[in-house]
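Numbering (the numbering used here), first residue to last: 53 to 375. Here a beta-carbon is modelled for each residue, glycine too, at the ideal position from N, C-alpha and C. Note that this is a predicted model, so its numbers are computed, not measured. Beneath this line is the structure, given in structure tokens, with notes to follow.
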Ligand SMILES: [Zn+2]
């Protein structure tokens with residue numbers, strides 16, 4: 053299959069999309085631009101490559117009979133720029149595979165793989181909270197941290213397709229004013245799953261806010277409980293959330309300064325906590341180099357469908373990304 057068939061010609065008609073997470077494969081179809089619907093869902097075979105391929109074959113057989121309907125898959129993982137091999141920490145069955153070409157061969161249709169945070173960012177930029185903005189940085193605050201950068205409607209993919217990744221390689225501050233009285237308290241950098249120390253990912257997601265609470269108060273609580281207690285005026289929860297907002301807003305403001313983003317949609321589980329996003333917006337705007345008078349950090353609009361919508365946009369407009 054060469055670069056002028058399938059994706060390059062696909063502007064109308066049906067495209068097939070999948071959003072693959074560590075628990076479920078959500079399968080969808082789009083029959084027209086701006087419209088995508090989930091039609092099926094099966095558990096993700098995370099331990100077996102053969103079962104992973106069979107699951108996709110089954111879904112394609114049910115909902116995508118025509119082999120000229122291209123498929124774009126949104127999933128967590130980094131694709132090596134040199135050899136195209138994917139590394140996905142939550143779906144080990146695909147790690148080490150040249151996933152796009154191998155699935156293209158097994159399924160008999162063109163299959164393209166896109167990073168899930170990139171799909172969500174593209175969806176928010178084109179159809180969600182970023183509409184009308186030239187530069188959109190979408191931050192995913194789920195169990196961990198991800199992100200994607202969209203400029204002039206195109207995903208800034210970079211060689212590995214994850215150029216909006218701010219969760220790793222950018223350390224958070226080692227000190228934070230948890231009581232709001234000007235006294236900085238040291239926060240020991242936590243080891244990150246990527247092997248580095250103190251990445252934004254260690255404290256920026258739901259697991260991160262739980263780690264911070266444990267670090268400050270020696271209490272292991274669910275992030276939703278911590279946020280509820282913060283809203284109810286609990287002092288320990290207030291200290292935890294104060295630390296969280298301070299630590300996350302600094303690197304997020306740095307991202308805004310570097311990219312010139314005029315809107316930052318927040319997706320992932322923590323985006324459901326509206327007061328937390330409000331507090332983050334206020335803190336980020338205090339730290340940006342230029343005065344941002346309007347709302348900058350906002351809840352994403354597409355919620356759990358961002359992956360499928362972003363994959364459908366890529367299927368119809370492959371020039372929006374190089375992934
Ligand atoms: Zn890391």
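Check whether residue 296 and residue 264 have beta carbons under 8 Å apart | Contact: yes.
Practice item. Grab me the residues of residue 215's own chain with a C-beta within less than 7 Å of its C-beta, minus the 5 sequence neighbours each way, in chain order. Key: 201, 208, 209
Exercise for the section: Using three-state DSSP, classify residue 246 as helix, strand or coil. Expected result: Note: residue 246 maps to coil in three-state DSSP.
Checklist entry - I think residue 111 touches residue 83, with their Cβ atoms under 8 Å apart; what is that distance to the nearest whole Å? => result Not a contact, Cβ separation roughly 17 Å.
Would you tell me roughly how many angstroms separate the C-alpha atoms of residue 69 and residue 340, rounded to the nearest one?
37 Å
- Using a threshold of 7 Å, is the CB atom of residue 263 nearer than that to any non-hydrogen atom of ligand 1? no
Practice item. Return the first residue and the last residue of the beta strand (DSSP E) that residue 223 is part of. Key: No beta strand (DSSP E) holds residue 223; DSSP gives it neither H nor E.
task: Can you check the stretch 99-135 for any beta strand (DSSP E) of at least 3 residues that lies completely inside it and give the ranges in chain order?
output: 123-127
**Prompt:** Between the C-alpha atoms of residue 199 and residue 160, what's the straight-line distance to the nearest angstrom?
**Reply:** 32 Å
| request: Pull up the distance between the alpha-carbon of residue 71 and that of residue 342, whole angstroms please. | output: 37 Å
query: For residue 197, which residues from the same chain have a beta carbon less than 6 Å from its beta carbon, with the 5 sequence-adjacent residues on both sides left out?
result: 219, 252, 253, 256, 257
| message | Closest to residue 133 by C-alpha separation, out of 165, 157, 174, would be which residue? | response | 165
Does the beta-carbon of residue 280, which I'm using as the reference point, lie nearer than 7 Å to any heavy atom of ligand 1? no
Does any residue of chain D have a CB that is nearer than 8 Å to the CB of residue 247? Annotation note: the requested chain D is absent from the structure, which comprises a single protein chain.
* Asked: Which of helix, strand or coil does DSSP assign to residue 323?
  -> Helix, per DSSP.
*asked:* Tell me the DSSP secondary structure of residue 290 in three-state form.
replied: Helix at residue 290.
Is residue 259 near ligand 1, with its Cβ less than 7 Å from a heavy atom? no
C-alpha distance - residue 235 paired with residue 364, whole-angstrom precision: 49 Å
Classify residue 198 as helix, strand or coil using the three-state DSSP reduction. Residue state, collapsed to three classes: strand.
Next item on the list: Give the C-beta separation of residue 329 and residue 318 to the nearest angstrom, bearing in mind that I take them to be a contact with Cβ-Cβ under 8 Å.
Entry: 5 Å
Exercise. Closest by CA to residue 248, which one among 105, 323, 222?
Worked result: 222
- Beta carbon of residue 78: closer than 7 Å to some heavy atom of ligand 1? no
(request) Could you tell me whether any non-hydrogen atom of ligand 1 is closer than 7 Å to the CB of residue 245? (result) yes
**Asked** If you draw a straight line from the C-alpha of residue 242 to the C-alpha of residue 331, how long is it?
**Response** 24 Å
List the whole-angstrom C-beta distance separating residue 298 from residue 231, where the pair is believed to meet the contact cut-off of C-beta under 8 Å.
With 8 Å as the limit, residue 298 and residue 231 do not qualify as a contact, their Cβ atoms being about 11 Å apart.
Cβ-heavy atom distance between residue 319 and ligand 1 below 7 Å? In this structure, the C-beta of residue 319 stays at least 7 Å away from each heavy atom of ligand 1.
Closer than 7 Å by C-beta to residue 377: which residues in its own chain qualify, once you throw out the five before and the five after it? Chain order, please.
-> Outside the displayed range of the chain (53 to 375) lies residue 377, so it cannot be described from this structure.
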